[in-house]
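If you're matching them up, the sequences are chains A and B in order. Following UniProt numbering, the numbering of the first sequence begins with 1 at its first residue and continues without gaps. Following UniProt numbering, the numbering of the second sequence begins with 1 at its first residue and continues without gaps.
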Amino acid sequence: MSVESVFPQLEALLPHVQKPIQYVGGELNSTVKPWDETDVRWALMYPDAYEVGLPNQGVMILYEVLNEREGVLAERTYSVWPDLEKLMREHDVPQFTVDAHRPVGAFDVFGVSFSTELGYTNLLTALDLSGIPLEAKDRTEDHPIVMAGGHAAFNPEPIADYIDVAVIGDGEQAVLEVTEIIRAWKAEGRPGGRDEVLLRLAKTGGVYVPRFYDVEYLPDGRISRVVPNRSGVPWRVSKHTVMDLDEWPYPKQPLVPLAETVHERMSVEIFRGCTRGCRFCQAGMITRPVRERSITGIGDMVDKGLKNTGFEEVGLLSLSSADHSEIGDVAKGLADRYEEDKVGLSLPSTRVDAFNIDLANELTRNGRRSGLTFAPEGGSERIRKVINKMVSEDDLIRTVATAYGNGWRQVKLYFMCGLPTETDEDVLQIGDMAVNVIAKGREVAQSNDIRCTVSIGGFVPKPHTPFQWAPQLSAEETDARLGKLRDKIRGDKKYGRSIGFRYHDGKPGIVEGLLSRGDRRIGAVIREVYERGGRFDGWREYFSYDLWMSSAAEALGGTGVDVDWYTTRERSYEEVLPWDHLDSGLDKDWLWEDWQDALDETEVPDCRWDPCFDCGVCPQMDTEIQMGPTGKKLLPLTVVK
Amino acid sequence: MQRVRLRYTKRGRLRFTSHRDFQRAFERALRRAEVPMAYSAGFTPHPKVSYANAAPTGTGSEAEYLEIALVQRRDPEQLRALLDAYMPDGLDVVDAVEAHGSDFSDRLEASEWELRLDRVEPGTARAAAEAFLAAETVEVERRTKKGIRAFDARAAVLALGVAPAPGVPAGRMPGEEPRAGGAASSEDAATSEDAADRPGEGGCAILRLVVRHVTPAVRPDDVLSGLRATADLAPPVPAAVTRLAQGPLDEESGTVTDPFAPDRDAVPEPTGAGVSSAGTVPGDTA
Numbered sequence: 001m002s003v004e005s006v007f008p009q010l011e012a013l014l015p016h017v018q019k020p021i022q023y024v025g026g027e028l029n030s031t032v033k034p035w036d037e038t039d040v041r042w043a044l045m046y047p048d049a050y051e052v053g054l055p056n057q058g059v060m061i062l063y064e065v066l067n068e069r070e071g072v073l074a075e076r077t078y079s080v081w082p083d084l085e086k087l088m089r090e091h092d093v094p095q096f097t098v099d100a101h102r103p104v105g106a107f108d109v110f111g112v113s114f115s116t117e118l119g120y121t122n123l124l125t126a127l128d129l130s131g132i133p134l135e136a137k138d139r140t141e142d143h144p145i146v147m148a149g150g151h152a153a154f155n156p157e158p159i160a161d162y163i164d165v166a167v168i169g170d171g172e173q174a175v176l177e178v179t180e181i182i183r184a185w186k187a188e189g190r191p192g193g194r195d196e197v198l199l200r201l202a203k204t205g206g207v208y209v210p211r212f213y214d215v216e217y218l219p220d221g222r223i224s225r226v227v228p229n230r231s232g233v234p235w236r237v238s239k240h241t242v243m244d245l246d247e248w249p250y251p252k253q254p255l256v257p258l259a260e261t262v263h264e265r266m267s268v269e270i271f272r273g274c275t276r277g278c279r280f281c282q283a284g285m286i287t288r289p290v291r292e293r294s295i296t297g298i299g300d301m302v303d304k305g306l307k308n309t310g311f312e313e314v315g316l317l318s319l320s321s322a323d324h325s326e327i328g329d330v331a332k333g334l335a336d337r338y339e340e341d342k343v344g345l346s347l348p349s350t351r352v353d354a355f356n357i358d359l360a361n362e363l364t365r366n367g368r369r370s371g372l373t374f375a376p377e378g379g380s381e382r383i384r385k386v387i388n389k390m391v392s393e394d395d396l397i398r399t400v401a402t403a404y405g406n407g408w409r410q411v412k413l414y415f416m417c418g419l420p421t422e423t424d425e426d427v428l429q430i431g432d433m434a435v436n437v438i439a440k441g442r443e444v445a446q447s448n449d450i451r452c453t454v455s456i457g458g459f460v461p462k463p464h465t466p467f468q469w470a471p472q473l474s475a476e477e478t479d480a481r482l483g484k485l486r487d488k489i490r491g492d493k494k495y496g497r498s499i500g501f502r503y504h505d506g507k508p509g510i511v512e513g514l515l516s517r518g519d520r521r522i523g524a525v526i527r528e529v530y531e532r533g534g535r536f537d538g539w540r541e542y543f544s545y546d547l548w549m550s551s552a553a554e555a556l557g558g559t560g561v562d563v564d565w566y567t568t569r570e571r572s573y574e575e576v577l578p579w580d581h582l583d584s585g586l587d588k589d590w591l592w593e594d595w596q597d598a599l600d601e602t603e604v605p606d607c608r609w610d611p612c613f614d615c616g617v618c619p620q621m622d623t624e625i626q627m628g629p630t631g632k633k634l635l636p637l638t639v640v641k
Numbered sequence: 001m002q003r004v005r006l007r008y009t010k011r012g013r014l015r016f017t018s019h020r021d022f023q024r025a026f027e028r029a030l031r032r033a034e035v036p037m038a039y040s041a042g043f044t045p046h047p048k049v050s051y052a053n054a055a056p057t058g059t060g061s062e063a064e065y066l067e068i069a070l071v072q073r074r075d076p077e078q079l080r081a082l083l084d085a086y087m088p089d090g091l092d093v094v095d096a097v098e099a100h101g102s103d104f105s106d107r108l109e110a111s112e113w114e115l116r117l118d119r120v121e122p123g124t125a126r127a128a129a130e131a132f133l134a135a136e137t138v139e140v141e142r143r144t145k146k147g148i149r150a151f152d153a154r155a156a157v158l159a160l161g162v163a164p165a166p167g168v169p170a171g172r173m174p175g176e177e178p179r180a181g182g183a184a185s186s187e188d189a190a191t192s193e194d195a196a197d198r199p200g201e202g203g204c205a206i207l208r209l210v211v212r213h214v215t216p217a218v219r220p221d222d223v224l225s226g227l228r229a230t231a232d233l234a235p236p237v238p239a240a241v242t243r244l245a246q247g248p249l250d251e252e253s254g255t256v257t258d259p260f261a262p263d264r265d266a267v268p269e270p271t272g273a274g275v276s277s278a279g280t281v282p283g284d285t286a
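Here it is, written out as structure tokens:
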């Protein structure tokens, strides 16, 4: 049975909303397949506004991987802004895909990618607009299977009631496995209904189906155990790891929107995973091991991608791009190739060392040298040992001196506040560091026209990291500490005016912390917030701390636990954590040892260049480090005119 | 350096493209098509593209114009076809001429618009249009960045009436033939998808409007506000508005003529590269 486009109904609403172009689709390289010629259909969602969601690499990759398959269709949907949501409710227009404007409720799978927990209320909005019951238990065979993925899905417990399944890790192969199981089940005439297909998925060991697990609690509110309630369902669910990135050169045809989005560039992922071992970094912990794309693989993707998109800028993405084993040759090779074409190259996420200045110089050969960004993360030598960010202040000053000497005029430094064991003194040293940077810059550049911007985010402890046991700093203490730093910087007569200071207050971090380390009881809080109108929690103009706190008080009433219990409480070794049954490969005992090492200010090296330190991932997941150097070079492209 | 003028459209759902959105898409198409663009001097060089008088977001158009500067000569028609292939369907590049003279934006004296009013009876629309034209002045208000601003929408209107039959691309009913001549361009504008997108039930009035370009600009929306003010005309669904033509005004007949005519009439280049497109002349039917 075919499915009608809802565009005629939507079109009448578009003249009344902001930026209507974001709802009409038609992006370059987007795909519309005939509904009736496919038998497994995915609606993929990034649960934020189009301008944020469209450039998301995860959704873009899965969209292309699925659409390349015969008999499989994938379309995309994003969160609609409240102005359109209101009109859709008034005029009975359902959540739609932007590709063919088909109603999301008609698809087999509704896959939602959570980069952050702040998209949870938007999930509920989308489910409701789709006509899909909010609670998984109320759904029937006629509703899509609601799937969560993305980094936040490594602890899907807060949304366990609202999703049918969660898949953790790399999605490329996982979505194809899920597709085949659904295809077979549908072809057999859907035996056993919804329950049967979910059971088949759960039995693979790589798909988490929350309803097949019971959570039992201790009288003090902690979890006593999480136990499967069906035979054949594994005790722990494994993450997925794609090996050999050169075999998966996606996106091959990146989507190019008509609407303006947050990243107006083409992105090429140059490696996946990171073993620097920064203890606060969830991404670095859950994406191990490092798997590099080869220099020639990168060159091909950049070449084809530029031809397919017309973008003027290429971002070389990864968690720490300068760590690619052949990054020097990659940067030089690409800069040589595109010198005449006015293509800009950028390297986000760089470390603090002089080598990176050479790289940055190479990448900006014919462009503007405006700002360089480094992330020392901690203000004092001591706290950087705690977080395992091995940068000395001398390194930083030397690096900065090189940068200013090469014509760069602005340096941005990223830090965190609220790290474990942190004191006021650790944070106040951020001010000293900025002053030293300016002083050195003025000396090297022989000019007072030098700026340093200090940008500070609040630390939120995340699951599957050594800091998963750590107490989060309260919003009040965070604000007080940052206030002292602000006063110190502003009070500096000689350098204060050259230092920019950007920070966020501590309140959003507490909500993120609640959702990050929450368990199934947090589901009621999310629903309460949603029903009271909470939307777009990642946006300052929509986020309401008071709404979250009053909703939490309401929803957690009688449970014996509260927001502080989830956020500022330190956990013990024995405690069963809500995500322990989701296997990221990291050995929990190793994480605990690393947490103890943090408290002892002991650093751990990188297993790419030092011996394995037994984090557990490779043997548990049967993976290995894949890296160069390959010794190959990027050759100039032959110009065919 | 060669300058080429292009006419392009905003059709179907891509009428929701804002001018900024169009600019980005067009400049990316120039890169993908490897057009030998001239670049501005300066720290961040930009390809030399001049845009003229873009239609507002949400309005369709058969007659948008821009000019590009190239460092190598290209045949305008081949360039048009190439760029059209690289632009998304709906943002179609439909006509091209080699530029002669630098007065192009001055040529755009007036626009012809089509206002499709779904679920409005043609008779009602005709009466409203007559009331509008009978008025000496029609004061309307528009929200601008500086707040609500009131101005006269009547003086700039040269013609307003009910079109005899529906049928231009943006407003074509499913199954209808494209209108012969007129604004229907060399390409078939309405894909079957677009046709399926159109609401079809109820009556449908199509107004044809010719407006002189003045300051402050009188837009179709302002005329719709004026119709509401003078004749209480309140369409139940938002009007689908399409610019059919813009160009020099023939004062005698009150029609909009082809702004490329002076370029086509100019002496051909000695190389013979400037092959004139056989595109139809927009706006010959008002």
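Every residue, glycine too, gets a C-beta built ideally from N, C-alpha and C.
Would you call the CB atoms of B/R11 and B/L91 closer than 9 angstroms?
Yes, they are a contact pair.
Rounded to whole angstroms, what's the CA-CA distance from B/G101 to A/R451? Just pull it up for me.
Rounded to the nearest angstrom, the two C-alpha atoms are 48 angstroms apart.
Quick one: is A/F110 buried, meaning 16 or more other Cβ sit within 10 Å of its Cβ, or exposed?
Buried, because 16 or more other Cβ atoms sit within 10 Å of the Cβ of A/F110.
Flag A/G310 as yes if its beta-carbon sits less than 9 angstroms from any beta-carbon of chain B, otherwise no.
Yes, because at least one Cβ of chain B sits closer than 9 angstroms to the Cβ of A/G310.
So with CB distances below 7 angstroms, who are the chain B contacts of A/V256?
Chain B residues near A/V256: R28.
Report yes or no: is there a C-beta of chain A within less than 9 angstroms of the C-beta of B/A184?
For B/A184, the predicted model reports a pLDDT of 38, less than 50, meaning its position is unreliable; a value from the coordinates is still stated below. So, not an interface residue.
Measuring CA to CA, which of A/E312, A/A598, A/L347, A/T364 is closest to residue 657 of chain A?
One cannot answer for residue 657 of chain A here, as it falls past the ends of chain A, which runs 1 to 641.
Identify, in the order they occur along the chain, each residue of the same chain with its Cβ nearer than 7 angstroms to the Cβ of A/S5, setting aside the five sequence neighbours on each side.
So the list reads A100, H101, R102, once near-sequence residues are dropped.
Anything in chain C within Cβ reach of A/E90, meaning under 7 angstroms, just list it in chain order.
Reference to chain C is not applicable here, since the protein chains of this structure are A and B.
Work out the CA separation of A/T602 and A/D92 for me, nearest whole Å.
Rounded to the nearest angstrom, the two C-alpha atoms are 59 angstroms apart.
On the criterion of 16 or more Cβ atoms from any shown chain inside 10 Å, does B/M1 qualify as buried, or is it exposed?
Looking at its Cβ environment, which holds fewer than 16 other Cβ atoms inside 10 Å, B/M1 is exposed.
Would the beta-carbon of A/W469 fall within 9 angstroms of that of A/Y573?
Yes. Within cutoff.
Along the stretch 14-35 of chain A, where does the CB come closer than 7 angstroms to a CB of chain B? Name the residues.
Listed by position, the residues of the stretch 14-35 of chain A near chain B (Cβ gap below 7 angstroms) are L14, P15, P20, I21, V24, G26, L28.
Among residues of its own chain, excluding the 5 on either side of A/L635, which ones have a beta-carbon nearer than 6 angstroms to its beta-carbon?
Once the five neighbours on either side are set aside, A/L635 has no close Cβ partner at all.
Whole alpha helix (DSSP H) runs in the UniProt domain "DUF2344" (3-161) of chain B with 4 or more residues, listed along the chain?
For the UniProt domain "DUF2344" (3-161) of chain B, whole alpha helix (DSSP H) runs of length 4 or above, ordered along the chain, are 19-32, 76-86, 104-107, 122-134.
Distance check for A/P376 and A/V604, CA to CA, integer angstroms please.
Going by the C-alpha atoms only, they are around 17 angstroms apart.
With a threshold of 9 angstroms between beta carbons, is A/E264 in contact with chain B?
Closer than 9 angstroms to some Cβ of chain B, the Cβ of A/E264 qualifies, so yes.
Using the three-state DSSP reduction, which class does A/E425 fall into: helix, strand or coil?
In this structure, A/E425 counts as helix in the three-state DSSP scheme.
Please state the DSSP three-state secondary structure of A/G431.
If DSSP states are grouped into helix, strand and coil, A/G431 belongs with the helices.
Cβ of B/R73 less than 9 angstroms from any chain A Cβ?
So no, B/R73 is outside the interface.
Please check if any C-beta of chain B sits within less than 9 angstroms of the C-beta of A/F7.
So yes, A/F7 belongs to the interface.
Is the Cβ of B/Y8 closer than 9 angstroms to any Cβ of chain A?
So no, B/Y8 is outside the interface.
Going along chain B, which residues have a C-beta under 9 angstroms from A/E260?
Neighbours of A/E260 on chain B, chain order: S18, R20, D21, R24.
Kindly provide the ranges of any alpha helix (DSSP H) runs that are 4 or more residues long and lie completely inside the stretch 119-165 of chain A, ordered along the chain.
Counting only runs of 4 or more, we get 120-130.
Within the 9 angstroms Cβ cut-off, does A/E11 reach chain B?
For A/E11, the answer is yes, since a Cβ of chain B falls inside 9 angstroms of its Cβ.
Starting from A/L258 and walking both ways along the beta strand (DSSP E), at which residues does that stretch end?
Per DSSP, A/L258 belongs to no beta strand (DSSP E) and is neither H nor E.
Determine whether the beta carbon atoms of A/T373 and A/Y414 lie at a separation below 9 angstroms.
Yes; because the gap between Cβ atoms is below 9 angstroms, this pair is in contact.
Since residue 710 of chain A contacts A/G315 with CB under 8 angstroms, what's their CB separation in whole angstroms?
Because residue 710 of chain A is not part of the residues shown, which for chain A are 1 to 641, the question remains open.
Under 8 angstroms Cβ to Cβ from A/Y217, same chain only, skipping five residues before and after it: list those, please.
Cβ neighbours of A/Y217 beyond the five flanking positions: I223, S224.
Give every residue of the same chain whose Cβ lies closer than 6 angstroms to the Cβ of residue 729 of chain A, excluding the five residues on either side of it in the sequence, and list them in chain order.
Residue numbering for chain A in the displayed model covers 1 to 641; residue 729 of chain A lies beyond these limits and cannot be assessed.
Would you mind listing the beta strand (DSSP E) stretches within the stretch 210-274 of chain A that are 3+ residues and don't spill past its ends, in chain order?
As far as the stretch 210-274 of chain A is concerned, its whole beta strand (DSSP E) runs of at least 3 residues are 213-217, 223-228, 266-269.
Mapping DSSP to helix, strand and coil, what is A/M301?
A/M301 falls in the helix class under three-state DSSP.
I want to see whether chain B comes within less than 9 angstroms of A/K342, judged by CB atoms only; does it?
Closer than 9 angstroms: yes.
What residues in the stretch 301-325 of chain A bring their beta carbon closer than 9 angstroms to a beta carbon of chain B?
If the cut-off is 9 angstroms between Cβ atoms, the stretch 301-325 of chain A has L306, K307, N308, T309, G310, F311, E312 near chain B.
Return the residue from the list A/E312, A/R517, A/A552, A/V460 that minimises the CA-CA distance to A/V529.
Closest by alpha carbon: A/A552.
Could you tell me which of A/A152, A/Y162, A/V207 sits nearest to A/L176, measuring between CA atoms?
That would be A/V207, whose Cα lies nearest to the Cα of A/L176.
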